[in-house]
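Reviewing the structure listed below.
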Amino acid sequence: MRPYALGSVATVAIVALSAATSCMDPVHSDAVAALGGEAKGVRTGPEHRPGQPCLVCHGGDGPGSPEWSVAGTVYTTRGSTTPLSGATVVLIDPAGAERRLTTNRAGNFYIEASRWTPTYPLRVRIESGSEKAEMQSLINGVSSCATCHRGDSGSARSVPAVYLGLP
Amino acid sequence: MRALSPAMVRALCMVLPLVVVAAGSFACSTTDSSARESAGVLGRTTFPPVSDVYQRRCGSLECHGSIYRNFRVYGLYGARLSPADKPDAPVTTVAEYDANYQAFLGLEPAVLRDVVAGGGIDAMRLTVVRKGRGDEAHKGGMPIKPGDAADRCVLGWIRSAPDPVACAEAVKSP
């Protein structure tokens, strides 16, 4: 191969490598990797990864699709890992407009960003039968419940996983 | 250049360490870690109701309850200052009100001092006011609407005319 041809190949290779790596966000990649693999026996879909911060993957930067604007998981009681299915999650924007979502068998709920991109702050209420509970604080911009709601007891920087309080 | 005599070298060896130590101690003595910004007449004693409003409207864990925010707000239902406390208990502590007060004053201390000196008329010069009202790009939207109870609470305090009734109303809604 002639020298100038080698140079061209090297240039093309460098440009291609730069293009391939320039869009990678290491922080996002680390956040996705930290979620780990799928649970055994659970297929990728609406019921996978309950209790995880859904918008890490479904927030628009991938790898999950579709993109969601609000998503989370509801459990029956504080500290429980039993999902609360069929509950209604009511999201209320500053104008008082409500969006009502229903939890599935895994306790998961979500809404696509293409259907609704909320104006913050949001208030949240959960209803199931005659039981109702409203979140004590507002959501001001991060709409994966598990960003703040983690584990069973909470800490100085987190609150327990979302629950309604049913026995 | 003329070489130093052994006596001069000995003298220098004795004096130089003293000079270095003296310089070092002076260099570190210009900062008083206990010094706090006062921003004029804005009172810490009248701040808790204002702090409660910021906690309610802005202090959720993912927003100004996050350690990644310059204006960091601690308290009930948000981030806690003490690792032993949790968001839902106990109620906001004195140390947390102190921390929130310093966080507010530390955002733009020079501008705040000017605004307070001017009777709070130019409160819109403060980024914290503009962002809360949505007058400046703010990821959290517009948690404080011009003229609402939270707005009256914050502006009243900045104008040295605290309005605890407005503050109490703002915490109850939305």
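Chains as they are written, first to last, in the working numbering: chain A, 1493 to 1659; chain B, 93 to 266. No residue lacks a Cβ here, since even glycine has one placed at the ideal position from N, Cα and C. Note that this is a predicted model, so its numbers are computed, not measured.
Residue i vs residue j beta-carbon contact at 8 Å
i: Ser1620(A); j: Ala1587(A); result: no
i: Thr138(B); j: Pro254(B); result: yes
i: Arg1649(A); j: Leu153(B); result: yes
i: Gly1528(A); j: Ala1653(A); result: no
i: Ala262(B); j: Val145(B); result: yes
i: Arg251(B); j: Gly224(B); result: no
i: Gly167(B); j: Asn192(B); result: yes
i: Ala241(B); j: Ala215(B); result: no
i: Gly233(B); j: Cys155(B); result: no
i: Pro1555(A); j: Leu1583(A); result: no
i: Cys1546(A); j: Ser1622(A); result: no
CA-to-CA distance, residue j to residue i, given in whole angstroms
i: Lys162(B); j: Thr185(B); result: Going by the sequence as given, residue 162(B) is Asn instead of Lys. So the alpha carbons of these two residues sit roughly 20 Å apart.
i: Thr1573(A); j: Asp206(B); result: 54 Å
i: Leu1630(A); j: Ser126(B); result: 34 Å
i: Val220(B); j: Leu199(B); result: 8 Å
i: Tyr1567(A); j: Asn1596(A); result: 11 Å
i: His1641(A); j: Ala1589(A); result: 24 Å
i: Gly1564(A); j: Trp249(B); result: 38 Å
i: Arg1535(A); j: Arg1617(A); result: 29 Å
i: Ser1606(A); j: Tyr1612(A); result: 17 Å
i: Pro175(B); j: Val107(B); result: 49 Å
i: Arg149(B); j: Val203(B); result: 23 Å
i: Arg244(B); j: Gln1628(A); result: 23 Å
i: Cys99(B); j: Asp124(B); result: Note on residue identity: the sequence assigns Ala, not Cys, to residue 99(B). Cα to Cα, the separation comes out at about 41 Å.
i: Glu1626(A); j: Arg1615(A); result: 8 Å
i: Ser158(B); j: Lys1532(A); result: 33 Å
i: Ser97(B); j: Ala195(B); result: 59 Å
i: Ala1525(A); j: Tyr160(B); result: 22 Å
i: Asp1644(A); j: Gly1552(A); result: 28 Å
i: Glu1604(A); j: Ala1638(A); result: 17 Å
i: His1550(A); j: Ala1523(A); result: 12 Å
Whole-number beta carbon distance between residue j and residue i, since they are thought to touch under 8 Å
i: Val165(B); j: Val246(B); result: Contact doesn't hold; Cβ gap of about 13 Å is too wide.
i: Trp1608(A); j: Ser1561(A); result: 6 Å
i: Pro179(B); j: Gly1646(A); result: 6 Å
i: Tyr1655(A); j: Arg1570(A); result: 5 Å
i: Ala1598(A); j: Glu1530(A); result: 13 Å between Cβ atoms; not a contact.
Delimiting residues of the alpha helix (DSSP H) encompassing residue i
i: Arg244(B); result: 241 to 250
i: Asn1600(A); result: First-last for Asn1600(A): 1600 to 1604, but that is the beta strand (DSSP E), not the alpha helix (DSSP H).
i: Glu1591(A); result: What sits at residue 1591(A) in the sequence shown is Arg, not Glu. Counting along the chain, Arg1591(A) falls outside any alpha helix (DSSP H), though it belongs to the beta strand (DSSP E) covering 1590 to 1594.
i: Leu1547(A); result: 1547 to 1550
i: Asp1522(A); result: 1518 to 1526
i: Glu261(B); result: 256 to 264
i: Asp144(B); result: 140 to 150
Limits of the unbroken beta strand (DSSP E) element including residue i
i: Thr1565(A); result: 1560 to 1565
i: Val1581(A); result: 1580 to 1584
Identify every run of the beta strand (DSSP E) within the segment 1611 to 1647 of chain A, keeping only runs that are complete inside it and at least 3 residues long; order them along the chain.
1615 to 1620, 1623 to 1626
4-residue-minimum alpha helix (DSSP H) runs that sit fully inside the segment 185 to 236 of chain B, ordered along the chain
186 to 199, 201 to 209, 219 to 224
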